[in-house]
C-alpha cells in the first residue's frame, strides 16, 4: 500500500501602514477596495489601500515569494497610483503561477474612521473577487492609542492560507 503524500497548507502574514495624506495634497480614501466619499485619503505610491495591500502581502508571504515591495515597489513606476484591488488581483495571479491555490485571506485594520460595518459585505465581495478566494475584513480601533488612535493613519494586518497544487 503506497502512502499518499499529505498536502500541507502554508500561512503568511502581511502588514501595511499608511499615513493620512497632507491636507495640502489631498487624496481620495480607498480602503478595503472601496472609495470612501468625503473621507481624507492616505499617502502612498499606489492608492494607499492598506487592507488590499496587507492581503496581497500575506499571499506573497504564504507562498514564500517575496513581499509587496518585491513585486510592486516604488521602483516600479507602472504601479504609481495603482488600485489596491488591481494589486491584489495581480498578487493572486502571481501566487497561482508559483504553483499555489488560495484558501482564504483574513484582514483586520485599525483606524478611527471611516465607520466600516455598513460596507463590510461590499468590501469583502470586492476583495474576494480580486483574490478569487474568500477574503474577510474586520475593523477595530486602538482606543485612542498610537498613530491610529491619534487619527494619523491606518494600519492593517492580514493572514493568508495557501496550499500547493
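In our numbering, the protein residues as written are 115 to 279.
Just so you know, even glycine gets a beta-carbon here, dropped at the ideal spot from N, CA and C.
Given the structure is predicted, the values throughout are model-derived calculations rather than measurements.
Where residue 145 is concerned, the enclosing beta strand (DSSP E) starts and stops at 142 to 145. Per DSSP, the unbroken alpha helix (DSSP H) holding residue 202 starts and ends at 198 to 211. Excluding the 5 residues flanking it on each side, residue 155 has same chain C-beta neighbours closer than 6 Å at 135, 141, 142, 143, in chain order. Here the alpha carbons of residue 257 and residue 269 stand approximately 14 Å from one another.
In this chain, residue 188 is not harboured by any alpha helix (DSSP H), its DSSP state being neither H nor E. Nearest C-alpha to residue 197 among 215, 159, 129, 278: 159. Per DSSP, residue 167 lies in no beta strand (DSSP E); the unbroken alpha helix (DSSP H) holding it starts and ends at 164 to 177. Proximity to residue 127 across 193, 167, 145, 157 peaks at 167, based on C-alpha coordinates. The shortest CA-to-CA distance from residue 178 to any of 228, 208, 138, 242 is the one to 208. Within the same chain, 171, 174 come within 6 Å of residue 181 by CB-CB distance, once the 5 residues on both sides are set aside.
Counting every other CB atom within 10 Å of its CB across the protein chains shown gives residue 194 a total below 16, marking it as exposed. Residue pairing for residue 156: DSSP places it in a beta bridge opposite 134.
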